[in-house]
Amino acid sequence: MVESLKSHWSPADLARMTTYAATAEPRPRHRRGFRLTSRVFWDMAIYMVGLGLAVGVIFPPFAILLGVPETIAQRPIFRSACLLAGFLVGAMNYALCRGVVGGRMEVLGGHLRAATSSITSATRTGDWSEAVFERIHVDSNDQIGEAGRAFNSLLGAVEGRKDLEERLRFQAFHDMLTGLPNRAFFIEKLAEADVLHQESGTPSAVLFLDVDNLKAVNDNLGHEGGDTLIKLLSERMVTSVRDTDTVARLSGDEFAILLMGPGSEHQAERVAHRIIESLRTPTRIGEHLVRTGFSIGLATSGTCSASGIGMLRAADMAMYAAKSGGKGRLEVFQPSHHTAHLQRDAVRAELSGALDAEQLELHYQPIVDVSSQQIVGFEALLRWRHPERGLISPLEFIPLAEETGLIVPIGRWVLQEATRQAAAWQNRSPLGRLRMSVNVSVRQFQHPDLVGDVADALRESGLDPSLLTVEITESLFAQDTEATLHKINLLKNMGIRLALDDFGTGYSSLSYLRRFPIDILKIDKSFIDGVTTSPEGHAVVAAITQLGQTLRLEVVAEGLETGEQVEAMRTLNCPFGQGYHFSRPLAAGDAVKLLLTGQKPDSSMLVPA
Ligand code: C2E
Ligand code: MG
Ligand code: MG
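Final position of the sequence shown in the numbering used here is 647; the numbers increase by one with none missing.
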C-alpha cells in the first residue's frame, strides 16, 4: 500500500500530510468513526456478495467447459469453494482499492483540512502572514490527480488573496513613504510596552519628534526634496536605536520612537541626545545641504504611570513645550506640561465664544519717530478680557486661534476695529496722518477671505488705504510663494503698506526681501536687546538697519526699553522705534489722551502735538 502511495504522492507530501494533520482542527472522532465503519461494512459487503456470487454461481458451469469433471463441478462443496473464493477475492479487492485510493484521498483530505484551517484562522484574526499553503505534488492523471490539480489552482487563488491582504495589512500599519510603522502600529507597540511594564516592571520611554522646518524645505526643494529628507532622516533614526526599539512616522513631520528598557529617565535622555546628534548632521539633497531642526518631547513609563497619562500623549505635550520654548530643543515631560495642556484645551474651548461675548479688545502701541520723538502711528495689539482670568496675552491665545482657524473671524474683527479707530483718530488728531498697523498671522493671510476682509474694513471705515500697514512674518515665505506673492500684490494694489514683523527670527533665506514688495522692516526685540550690551550685538543691528536702508525700506526698531537703546538706534540712522521706553500698548482711551496731550498713563511725557 505504501509502495502504491509513493508512486502518486512524493515522500515530502506524506511528511507534510502528517504536519497538516497535526495542525488541522480536531475531528469529531466517534461519529466519523461510526459512519466510516458502517460505510466500510456496506461497501465491503457489496464487493464480497457481488464477486462471491459472480464466482460462486457463474463459475461452476464454466468450470465444466474448462475441463473440470462434471461430477466434481456439480458437487455442493465445489460450488461452496467457488463461492468462498469469490468472497475472498472480493474482500481482497476491496481492501486493496481502499488502501491505494483511500490512502491518496487521505493525503488530499489532509491538505484540504490544513488549507481550510489556515483560511479560517486567517479570516478570523485578519492576519494572513501566518497562513501557509503548500501545493500537492500531483503526477497522476486519474480522477484523484484531477482533484489535486483543482485543489492546487484553488490555492493559487487563495494565495492571491493572501498577498492582497498582506499588502493591505502592511499599508494599514505602515507609512508608505518611509516604510516605518505608522501611528496605529505604534499604539499597538505602546500597549505591549505598557503590559510589559505592569507585569515585569520593564521600563520604556517615548520620544516625540517634530521636524521644525519641513515646510521651508518643501518650499525650497519641492515635495520630492522634502520626501527625500524625510526618508533619510527616518533611516538615521532607525540606525541610531536598537532592534527592540520602534521608530514610527505619525504624520507628515511627526515621528515617535519607543525605547525599550532604559533604566532611568537620565538614560533615556542620553539615548535621546544620541538620536538628536545623529539628526543634527546636515543632509545632502542633490546639491543642497539641509540642516534640520527638531523639537523633541520625552516621556518615560515611570513618570507617566505616576501621573496617569499615556506615554505618547505625555511626550507630545513635552514636545509642544519644547516647540513653544523656542524649537530645536528636547523637553522632558513634567506634570506642569499636562496642566498647561489642560489650560490650553480650556482656552481653546472658551475662545470661540470670546468674540461674540465682546471680550476681545485692541490696545495700541505708539510707533515713534526716533529723532523727533513724535508719534507717527500705532500698532493694534489684541487682548482678551477674560471674565475670570483678566487680560490674556495674545501670545497665549493667538497660536490656539491659528490652530482652530478662529483666527480668521478674530482677525477680521481686528481689521474692522483697528481701521475704524484709526479713521476716528484721523479726524481728531492734531498729528496729521497717523498710521495703523495690524498683525496678520499666516493662517489668516492664507485664507481666501483676507483680501476681501481688508477691502471691506477700508470701505466701511473710510480710512485712507495708505495709512494701513499689514504686518506679516517671515514664516509666511516658507509657504506656497507664488500664491503668497499674488496675494501680496493684490493688497499692494489697494494702496496699503506691508511690514515684515519680527525680522531675523524666522526663515533663513533673505531672497524674499527682493522678491516681495515689502515697505517696512521691523527689527525684532531679540536683536535690539543686544544693541547696547555687546559690540557684536551692535554690529548685527547696524547690519540689519543698513540692509533695510539699502533696500529702501523703512526700518522700525521693536522693543526699545531704554534711552540708550533709543540713542543707539538714532546714531544708526534707524528712523522709527516702538517699545516700552516710549509707551506700553494702551487702551484706546489712554492712546487718545497720549495723542492729544503727549501724556502717558504712567504720567511720563512723549512729545505732544
Ligand atoms: P508683535 O506684533 O511683534 O508685537 C509686539 C509685541 O511686543 C507686543 O506684545 C508688545 O506689547 C511687545 N512689546 C512692545 N514693546 C516692548 C518692549 O519694550 N518690551 C517688551 N518686553 N515687549 C514689548 P503683545 O501685545 O503681547 O503681542 C505679542 C504678539 O502677538 C505680537 O507680536 C503679534 O505677533 C501677536 N499679535 C498681537 N495682536 C495680534 C493680532 O491682532 N493678530 C495677530 N495675528 N497677531 C497678534
Ligand atoms: Mg507686530
Ligand atoms: Mg514684532
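Beta carbons: idealized from backbone N, C-alpha and C, even for Gly.
* Asked: Got a list of residues with beta-carbon closer than 5 Å to any non-hydrogen atom of ligand 3, in chain order?
  -> Spelled out in chain order, the answer is Asp539, Asp540, Glu596.
* When DSSP labels each residue in this structure, what does Phe100 get in the three-state scheme? -> Three-state DSSP puts Phe100 in a helix.
* Answer yes or no: the CB of Ser656 versus the heavy atoms of ligand 1, is any distance below 6 Å? => Lying before the first or after the last residue shown, residue 656 is absent from the chain, which here runs from 39 to 647.
* Asked: Between which two residues does the alpha helix (DSSP H) carrying Tyr402 extend?
  -> Segment 398-407 is the beta strand (DSSP E) holding Tyr402; no alpha helix (DSSP H) there.
* **heavy atom of ligand 1 below 6 Å from Tyr402 C-beta** => No, Cβ of Tyr402 sits at least 6 Å from all heavy atoms of ligand 1.
* Asked: Starting from Asp201 and walking both ways along the alpha helix (DSSP H), at which residues does that stretch end?
  -> 181-211 is the span of the alpha helix (DSSP H), which, as asked, contains Asp201.
* Leaving out five residues before and five after Ala60 in sequence, what residues of the same chain have Cβ atoms less than 7 Å from its Cβ? -> Bear in mind that a pLDDT of 41 at Ala60, under 50, signals an unreliable position, so the number given afterwards is only what the model happens to contain. So no residue of the chain qualifies.
* With distances taken from CA atoms, which of Gly586, Ile561, Gln587 is nearest Gly575? -> Nearest in C-alpha terms to Gly575, of all of Gly586, Ile561, Gln587, is Ile561.
* To do: May I ask whether a heavy atom of ligand 2 can be found less than 6 Å away from the beta carbon of Glu512?
  => Result no, Cβ not under 6 Å from ligand 2.
* Asked: From Phe620 to Ile566, what does the alpha carbon distance come to, in whole angstroms?
  -> Whole-angstrom Cα-Cα distance: 15 Å.
* Alpha-carbon to alpha-carbon, Val170 and Ala62 -> In this prediction, Ala62 scores a pLDDT of 42, lower than 50, which makes its location untrustworthy; no coordinate-derived value is stated.
* With Leu267 as the anchor, note down where its alpha helix (DSSP H) starts and where it stops. => Leu267: member of the alpha helix (DSSP H) spanning 252-277, first to last residue.
* In chain order, what residues of the same chain lie with their CB nearer than 7 Å to the CB of Gly627, ignoring the 5 residues before and after it? -> For Gly627, there are no CB contacts under 7 Å within the same chain when 5 residues up- and downstream are skipped.
* Could you check what DSSP says for Ile115 in three-state terms: helix, strand or coil? => In the structure shown, Ile115 sits in a helix (DSSP, three-state: H, G or I).
* Using alpha carbons as the reference points, say which of Gly542, Asp502, Thr507 lies closest to Ser513. => Ranking Gly542, Asp502, Thr507 by CA distance to the CA of Ser513 puts Gly542 first.
* Can you name the start and end residues of the beta strand (DSSP E) that Val414 belongs to? -> Here the beta strand (DSSP E) through Val414 covers 413-424.
* What residue from Arg471, Asn179, Ala418 has the CA that sits closest to Ala456's CA? -> Nearest to Ala456 by C-alpha distance, out of Arg471, Asn179, Ala418, is Ala418.
* Asked: How is the beta strand (DSSP E) around Asp539 delimited, first residue to last?
  -> Taken as a continuous stretch (DSSP letters only), the beta strand (DSSP E) holding Asp539 covers 535-541.
* Could you tell me whether the region 602-621 touches the region 393-407, using the rule of 3 or more Cβ pairs below 8 Å? => The answer is yes - the region 393-407 touches the region 602-621, with three or more Cβ pairs under 8 Å.
* To do: Identify, in the order they occur along the chain, each residue of the same chain with its Cβ nearer than 8 Å to the Cβ of Asp394, setting aside the five sequence neighbours on each side.
  => Cβ neighbours of Asp394 beyond the five flanking positions: none.
* Please confirm whether any heavy atom of ligand 1 lies closer than 6 Å to the CB of Gly617. => Checking every heavy atom of ligand 1 against the Cβ of Gly617, one is found closer than 6 Å.
* Between the region 135-147 and the region 105-118, do at least 3 Cβ pairs fall closer than 8 Å? -> Short answer: they don't touch.
* To do: Starting from the C-beta of Leu43, find all residues in its chain whose C-beta is less than 6 Å away, skip the five residues before and the five after it, and write them out in chain order.
  => Because Leu43 sits at a pLDDT of 35, beneath the cut-off of 50, its placement in the model cannot be relied upon, and the point is left open.
* Asked: Looking only at DSSP bridge pairs, what is Lys560 linked to?
  -> Beta-bridge partners assigned by DSSP to Lys560: Val594.
* Inspect the beta-carbon positions of Ser333 and Asp250 and report whether they are closer than 7 Å. => The answer is yes: Cβ separation under 7 Å.
* **Cβ-heavy atom distance, Glu592 to ligand 2, below 6 Å** => Result no, Cβ not under 6 Å from ligand 2.
* Leu633 versus Asp213 - alpha carbon distance -> Rounded to whole angstroms, the gap between the alpha carbons of Leu633 and Asp213 is 59 Å.
* What does Arg287 pair with, by DSSP beta-bridge criteria? -> According to DSSP, which records beta bridges pairwise, Arg287 is partnered with Phe293.
* Of the residues Leu336, His311, Ala129, which one's Cα is nearest the Cα of Ala83? -> Selected option, being the one with the closest Cα: Ala129.
* **Beta-bridge partners of Leu228, as assigned by DSSP** => According to DSSP, Leu228 bridges with nothing at all.
* To do: Could you tell me if Asp81 is buried or exposed, where buried requires 16 or more neighbouring beta carbons within 10 angstroms of its beta carbon?
  => Exposed.
* For Val452, verify whether its CB is less than 6 Å away from any heavy atom of ligand 1. => Within the cutoff, so yes.
* To do: With hydrogens ignored, establish whether the beta-carbon of Glu440 is closer than 6 Å to any heavy atom of ligand 2.
  => The answer is no for Glu440.
* What is the rounded straight-line gap between the Cα of Arg423 and the Cα of Leu380? -> Using only the alpha carbons, I get a separation of about 20 Å.
* Asked: Closest by CA to Glu498, which one among Ile510, Gly324, Gln454?
  -> Among Ile510, Gly324, Gln454, the Cα nearest to that of Glu498 is on Gln454.
* To do: Measure the beta-carbon distance from Leu218 to Ala286 and round it to whole angstroms, keeping in mind my assumption that it falls under 8 Å.
  => Yes, they are in contact, since the Cβ atoms of Leu218 and Ala286 sit about 6 Å apart, within 8 Å.
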